[in-house]
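Visitor: Residue 105 is where the sequence shown starts when you use our numbering, and the numbers rise one by one after that.
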Amino acid sequence: MDRFRRLPLPALLPIVFVLVGGLYFAIGLASNPDGGELAGRAISSLIYAILLTVFFGFLIAYRRRRAGGTETAAAIQRAVRTGELPGDVDHVVWTRELESTRKRYRNNRVIVPIMVVVFAAFSVWAALTVSPFWWAILVLFVGMCAYSVWETRRALRNIDHLLTALRGTWTVPQSSGT
Numbered sequence: 105m106d107r108f109r110r111l112p113l114p115a116l117l118p119i120v121f122v123l124v125g126g127l128y129f130a131i132g133l134a135s136n137p138d139g140g141e142l143a144g145r146a147i148s149s150l151i152y153a154i155l156l157t158v159f160f161g162f163l164i165a166y167r168r169r170r171a172g173g174t175e176t177a178a179a180i181q182r183a184v185r186t187g188e189l190p191g192d193v194d195h196v197v198w199t200r201e202l203e204s205t206r207k208r209y210r211n212n213r214v215i216v217p218i219m220v221v222v223f224a225a226f227s228v229w230a231a232l233t234v235s236p237f238w239w240a241i242l243v244l245f246v247g248m249c250a251y252s253v254w255e256t257r258r259a260l261r262n263i264d265h266l267l268t269a270l271r272g273t274w275t276v277p278q279s280s281g282t
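1) Between the Cα of L163 and those of A177, L266 and A250, spot the shortest distance and give me the residue it belongs to.
2) Would you call L266 buried or exposed, if buried means 16 or more other Cβ atoms sit within 10 Å of its Cβ?
3) Which residues mark the beginning and the end of the alpha helix (DSSP H) in which S227 is found?
4) In angstroms with no decimal places, state the Cα-to-Cα distance between T157 and G126.
5) Below 8 angstroms, how does it come out for the segment 235-251 and the segment 201-209: are there three or more Cβ pairs, yes or no?
6) Which residues bound the alpha helix (DSSP H) around E175?
7) Are the CB atoms of V246 and V220 within a distance shorter than 8 angstroms?
8) Enumerate in chain order the residues of its own chain whose CB-to-CB distance from S279 is below 6 angstroms, with the five nearest sequence positions on each side excluded.
9) Take S149 and list the residues in its own chain whose beta-carbon comes closer than 6 angstroms to its own, dropping the five residues that flank it on each side.
10) Taking the C-alpha atoms as reference points, what is the distance between F223 and M248?
11) Can you give me the start and stop residues for the alpha helix (DSSP H) that G132 sits inside?
12) Need the endpoints of the alpha helix (DSSP H) that L155 sits in, please.
13) Determine the direct distance from the alpha carbon of V214 to that of A230, and round the result to whole angstroms.
14) Exposed or buried, what is W254 when buried is set at 16 or more other beta-carbons lying within 10 Å of its beta-carbon?
15) Does DSSP put G272 in a helix, in a strand, or in coil?
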């Protein structure tokens, strides 16, 4: 995953485009397999993939730029995942980014349960009225949300540990008074 996070945007965005567009097309095809509107589905998948690729491109570029580059952004994500602080870090940048990441993960604690309820209700409705395929989507979504809850707890614990380590090793530079 670290190699994927380190890819330059011109290499990463085509992968995102293919994955998002292919997934959207496949889900649409699986949920309504009549195949009568194949051209329309392909066009909508193309538009969807373009829009999400542009959105993710701006988001990834912003986060990388804010963290001080691709390597630093990948190192911060790796540290959040492992809970281990690399030896030589920019305390100001890392503290700012870890605080921002902690805020996003704290928001997950509220947003994910709301999403589960709303999407579960929608999936049950769609499974009963549109296609039984939506039962599979519901199971997949609930599994992803369960993983998200686990990941959020682990990440918040690791971020708190990283921030404590950063604050414990950071000393304020002394000015040389004249």
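Positions of the beta carbon are idealized from the N, C-alpha and C atoms, including for glycine. Model, not experiment: these values are computed from the prediction.
Guide: Quick answer:
1) The residue with the shortest Cα to Cα distance from L163 is A177.
2) Taking all protein chains in view, the Cβ of L266 is crowded by 16 or more other Cβ atoms within 10 Å, so the residue is classified as buried.
3) Membership of S227 in the alpha helix (DSSP H) is indicated by the continuous run H195 to T233.
4) Looking at the two C-alpha atoms, the distance is approximately 12 angstroms.
5) As far as the Cβ criterion goes, the segment 235-251 does not touch the segment 201-209, which means the pair count is below three.
6) From DSSP, the alpha helix (DSSP H) with E175 extends over T174 to T186.
7) A contact, by the Cβ cut-off of 8 angstroms.
8) Any answer about S279 is weak, because its pLDDT of 49 lies below 50 and its placement is not dependable; what the coordinates show is given next. Closer than 6 angstroms at the Cβ level, and outside the excluded window around S279, lies no residue.
9) Around S149: G125, Y128 and F129.
10) Approximately 12 angstroms between the Cα atoms of the pair.
11) G132 -> alpha helix (DSSP H) spans L113 to S135.
12) For L155, the uninterrupted alpha helix (DSSP H) segment begins and ends at L142 to A171.
13) Going by the C-alpha atoms only, they are around 25 angstroms apart.
14) So W254 counts as exposed.
15) Under the three-state reduction of DSSP, G272 is assigned to helix.
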